[in-house]
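A.B. asks: Under my numbering, think of the first position of the sequence shown as 3, with each following residue one higher. The C-beta atom is built at its ideal place from N, Cα and C for all residues, glycine as well. Since the structure is predicted, the reported quantities are computational estimates derived from the model, not experimental observations. A single structure is presented below for examination.
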Amino acid sequence: MRLRMLIPVLTVCLLALGCSNDDTASPAETGGPSSTTSTTTTTVPLDPKPGSPGVDGEALLPNAGNGGYDVSHYTLAIAVSDDRSSIEATATIAAVATQDLSTFNLDLAGLDVASVNVDDEPAGFSRNGDELTVTPEEALATDAEFVTRVEYSGAPQPVQDPSAPGTIGWLSAPSGIYVASEPIGAKGWFPGNDHPSDKARFTFEITAKNADTVVANGVLTSKEPAGEGRTTWTFEQSDEMATYLAQVAVGDYDLIESTGPNGLPIRHAVVRNVPADKREVLDLTAAQIEYFEPLFGPFPLDAYGLLVADAGPEFALETQTLTLLPASWLLNSDAEFTGMVMAHELAHQWYGDAVTPARWTDIWLNEGFATYAEWMWEDHAGVTPLDESVTDAMGQAGRWREAFGPVASPAAPLLFSPNSYEGAGIVLHALRKTIGDEHFFEVLQRWASENDGESVTTEQFETLAADVSGQDLTAFFAAWIHSDTLPVMPA
């Protein structure tokens with residue numbers, strides 16, 4: 003994610019946000035049929051218990067995600083109304099139980115649930131706030147594979163979350179709808195395990211009126227008539243993806259397709275009111291991939307591009323294979339700024355998307371890496387020397403630590419403070435100075451290649467850096483990411 007705000011203004015806003023946090027839950031409601039038919043589980047559960055409505059070890063957003071199972075695949079069949087105001091949808095969720103389960107939870111905000119099935123048998127369900135609790139007819143044993151199907155409908159509403167820089171979830175604009183879900187906005191448009199520790203593959207089957215263009219994560223695999231002047235577009239995201247990175251856009255977009263380095267498919271979806279001369283900055287995409295691949299390793303996904311929407315939020319978001327970028331930035335900004343944001347979001351495809359934080363406290367592994375990448379790109383492009391970017395950040399980082407604490411210990415709702423961006427970028431520069439270029443770029447490449455498709459922790463990064471460099475980096479990391487006092491940059 004990249005925000006277009008001056009750092010002092012952002013700091014003031016985040017400090018203000020830190021003064022309030024509304025966790026009020028909506029009243030509980032219940033519904034759903036029961037059945038005497040058992041599931042297809044073949045192992046008898048010995049001690050079935052409810053799965054937790056939250057993820058163990060998640061200190062910042064304790065109600066995000068759920069325990070007791072691991073999702074392997076989502077199929078989201080979503081029919082968007084012709085006026086784009088409502089949906090009728092079915093979510094099919096393949097998962098594996100990680101404990102004996104009597105019930106399990108899915109995250110879902112708003113929307114009306116018509117039915118829930120587990121392994122093709124009706125299941126009971128109840129709702130309390132953003133939790134959808136599912137009770138299969140028979141308990142699920144540890145390691146049991148099971149498929150949950152949720153039929154739901156309604157008008158998706160944006161999710162209000164104090165840790166986000168703006169309204170998130172399923173969003174509407176004059177040109178159509180699009181998605182911006184970081185950190186917990188995915189629950190606003192589909193039921194799932196809305197936490198980055200549980201990544202899965204996705205299939206999107208999006209039906210819309212013929213006049214609309216549809217884009218989503220991954221690769222378009224089919225486009226078929228659906229009758230009554232409507233078309234179903236199917237996309238496969240074959241790489242593991244966190245729920246907050248899911249993207250669907252339906253509306254007035256032009257598709258621009260090309261081939262990037264090593265045959266990589268590049269496709270941009272651009273809202274039609276952006277004139278041709280303002281779209282030229284998107285041509286930087288291939289050059290930026292060519293620049294980053296020798297530094298980070300081969301591009302880790304099977305496609306890339308940008309979704310340029312007439313978006314209200316003034317931030318870009320690294321939705322996997324299809325980065326969200328506000329059209330206003332192309333229309334009103336200089337190419338250097340837009341190019342910097344593009345570099346930042348592109349770097350996230352390695353660091354944030356292919357390799358994802360296991361906890362929201364590990365957000366610096368996303369934003370620090372992408373910020374340092376944008377600094378390197380600006381240096382390479384002759385915009386701003388790397389040392390100047392580092393010096394500017396060092397001049398403010400002491401105040402950031404006083405305000406927001408250690409880099410590796412952000413406090414909600416201060417998840418997206420400058421400390422997670424520039425404050426973390428200088429950590430990587432300090433590491434580079436400490437272990438040298440050869441070891442530093444080996445760390446970056448191995449971090450990307452060895453953890454591709456995984457969710458990772460700060461502790462894992464500390465271990466890898468020490469192993470590659472052959473140095474004891476305990477004191478380094480204690481000072482640079484675990485302290486609220488700014489160290490001196492190594493010479």
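#1: Apart from the five residues just before and just after T325, which ones in its own chain have a Cβ nearer than 6 angstroms to its Cβ?
#2: Tell me V152's beta-bridge partners as DSSP assigns them.
#3: So, is T26 buried or exposed, given that buried needs 16 or more other C-beta atoms within 10 angstroms?
#4: N107 bridges to which residues according to DSSP?
#5: Going by DSSP in three states, T321 sits in which element: helix, strand or coil?
#6: Spatial neighbours of D364 within its chain, please: C-beta separation below 8 angstroms, excluding the five flanking residues on both sides.
#7: Between which two residues does the beta strand (DSSP E) containing A251 stretch?
#8: Please go through the region 270-301 and give each complete beta strand (DSSP E) segment of 3 or more residues, from N-terminal end onward.
#9: From P227 to T233, what does the alpha carbon distance come to, in whole angstroms?
#10: Can you name the start and end residues of the beta strand (DSSP E) that L388 belongs to?
#11: Just verifying my parser: in three-state terms, what is the DSSP assignment at T42?
#12: Where does M378 sit, in a helix, a strand or coil, going by DSSP?
#13: Quick one, which of A244, A337 and A141 has its alpha-carbon nearest G187's?
#14: May I have the straight-line CA-CA distance separating T443 from F298, to the nearest angstrom?
#15: Which of helix, strand or coil does DSSP assign to A477?
#16: Can you tell me the Cβ-Cβ gap for L284 and R403, rounded? I've got them flagged as a contact below 8 angstroms.
#17: Considering only C-alpha positions, which residue in the set T144, N119 and E140 is nearest to A99?
#18: State the CB to CB distance for the pair A305 and L266, rounded to an integer number of angstroms; the pair is presumed to be in contact (CB under 8 angstroms).
#19: When you compare the CB positions of L62 and L417, do they come within less than 8 angstroms of one another, or not?
#20: Which of the three DSSP states is assigned to Q447 in this structure?
#21: Taking the alpha helix (DSSP H) that T436 belongs to, which residues open and close that run?
#22: Residues in its own chain within less than 7 angstroms of D200 by CB, not counting five upstream and five downstream?
C.D. replies: Based on what the coordinates show:
#1: L308 and E347, listed in sequence order.
#2: In DSSP, V152 forms a bridge with A93 and V118.
#3: Bear in mind that the predicted position of T26 carries a pLDDT of just 36, short of 50, making it too unreliable to give a figure here.
#4: Its beta-bridge partners are T135.
#5: Looking at T321 - three-state DSSP - the assignment turns out to be coil, as it is neither helix nor strand.
#6: Cβ neighbours of D364 within its own chain (closer than 8 angstroms, five residues either side excluded): A410, V458, T459 and T460.
#7: In the DSSP assignment, A251 falls within the unbroken beta strand (DSSP E) covering V250 to G253.
#8: Counting only runs of 3 or more residues that sit fully inside the region 270-301, no beta strand (DSSP E) segment turns up.
#9: Rounded to the nearest angstrom, the gap between the Cα atoms of P227 and T233 is 4 angstroms.
#10: Per DSSP, L388 belongs to no beta strand (DSSP E); it is in the alpha helix (DSSP H), L388 to F406.
#11: Confidence at T42 is low in this model, with a pLDDT of 46, below 50, so the placement of that residue should be treated as unreliable; the coordinate-derived value is given next. Taken through DSSP and simplified to helix, strand or coil, T42 comes out as coil.
#12: Here M378 sits in helix by DSSP.
#13: Closest by alpha carbon: A244.
#14: One detail in the question is off: residue 443 reads as Phe in this sequence, not Thr. Straight-line spacing of the CA atoms in F443 and F298 works out to 7 angstroms.
#15: Three-state result, A477: helix.
#16: About 37 angstroms; that fails the 8 angstroms criterion.
#17: Nearest to A99 by alpha-carbon distance, out of T144, N119 and E140, is T144.
#18: Correct: roughly 7 angstroms between the Cβ atoms.
#19: Yes, these two residues count as a Cβ contact at 8 angstroms.
#20: Helix at Q447.
#21: Here the alpha helix (DSSP H) through T436 covers E424 to I437.
#22: The answer, listed in chain order, is G67, D72 and V73.
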